[in-house]
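Note sheet for the following structure.
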Amino acid sequence: SSGINAEWPLRPGEAITSIQSGSKDKQRKFLETIELQIALKNYDPARDKRFTGTVKLRHVPKKNYKICIIGDERHIDEAKQLGYDCKSAEDLKKLNKNKKLVKKLAKNYDAFMASDGLIKQIPRILGPGLNKAGKFPTSLSHQENMEEKVETVKKTIKFQMKKVLCLSVAVGNVSMETDELNANIMLAVNFLVSLLKKNWQNVRSLNIKSTMGKPHRIY
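Residue numbers for the sequence shown follow our numbering, so the first one is 855 and each next one is one higher.
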């Protein structure tokens, strides 16, 4: 890792502790997610290359992560045995490319996975809806272990540079151990910095916050 200690002026530990105690003081009816908010500088989204990248964290950031398997017959049987939601190509055809229904489908799940034989048909069956929502399915072959692949997808976060200078990704939740959160935050930040043209010189600030809590600056 590129000199994290030399260039890492703050340890996220204190911020994590305040977020956790803050969420204990005000118990919410749902499990709060902890997100990392990044503000960039010396970066022109209109001229500079927009980047996207995915990185696998050490621990699953979201407890109630919902995944849907779009499968052929064999994958659907397997998904049912493992207790995952699943849909066949026929189920998707019933949506008739209705934008509202496709949007609703995308909203219901954190991610999708599709049998590699079906993946090319998805835009034709559904239109561009899943792609627009940033949830185009991950491909799944019969040689792969479905359970392991689902775990990988659950741990993977995506950085996508849009037209604005702020990014936000889920790195954990308030029920996680401090060192688990710390590991996820370090991994996410190091990976993001590696995507930036001028590395740390492109980072204006880093904050972490829980869904309902206030931001805590860590850089």
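Note that CB positions come from ideal geometry on N, CA and C, so glycine has one too.
Under the DSSP definition of a beta bridge, PHE884 lacks any partner. Residue environment for MET1066: exposed (fewer than 16 other C-beta atoms within 10 angstroms of its C-beta). For ASN950, the closest alpha carbon among the candidates PRO977, GLU932 and ASP970 is that of PRO977.
If you draw a 10 Å sphere on the C-beta of ALA869, you find 16 or more other C-beta atoms in it, and that means buried.
Taking 8 Å as the cut-off, the Cβ atoms of THR1010 and LYS920 do not count as close. Of GLN975, ARG901 and ASN1036, the smallest CA-CA separation from LEU890 is found for ASN1036. Rounded to the nearest angstrom, the Cβ distance from LYS957 to GLY925 is 22 Å, too far for a contact under 8 Å.
Positions of the beta strand (DSSP E) runs, each at least 3 residues long and wholly inside the segment 962 to 1034, are given as 965 to 969, 992 to 994, 1010 to 1014 and 1020 to 1027 in order along the chain. DSSP places SER1059 within a strand segment (E or B) once states are collapsed to three. Relative to GLN1055, the option among ILE1039, TYR1073 and ALA1042 whose CA is nearest is TYR1073. Residue range 927 to 936 is occupied by the alpha helix (DSSP H) that includes ASP931. Across the structure, LYS989 and SER875 are spaced so that their CA atoms are roughly 33 Å apart.
Closest by C-alpha distance to LYS974, out of ALA960, LEU994, ALA965 and ALA987, is LEU994. Looking at the DSSP output, GLY907 bridges to PHE1013. Pairwise C-beta distances place the segment 1000 to 1014 in contact with the segment 933 to 946, as three or more of them are shorter than 8 Å. Nearest Cα to THR906 within the set PHE1013, HIS1070, ARG1071 and ILE1062: PHE1013.
Taking a cut-off of 8 Å for Cβ pairs, the segment 890 to 903 and the segment 935 to 949 do not touch, as fewer than three such pairs fall below it. In the DSSP assignment, ILE873 falls within the alpha helix (DSSP H) that extends over 867 to 879.
Residue state for ALA893 is assigned as strand, using DSSP reduced to three classes.
Ranked by Cα distance from PRO899, the options PRO1069, LEU1050 and ASN1027 are led by LEU1050.
Straight across, the Cα-Cα distance linking VAL1004 with LEU1046 is about 23 Å. The continuous alpha helix (DSSP H) containing LYS947 extends over residues 943 to 947.
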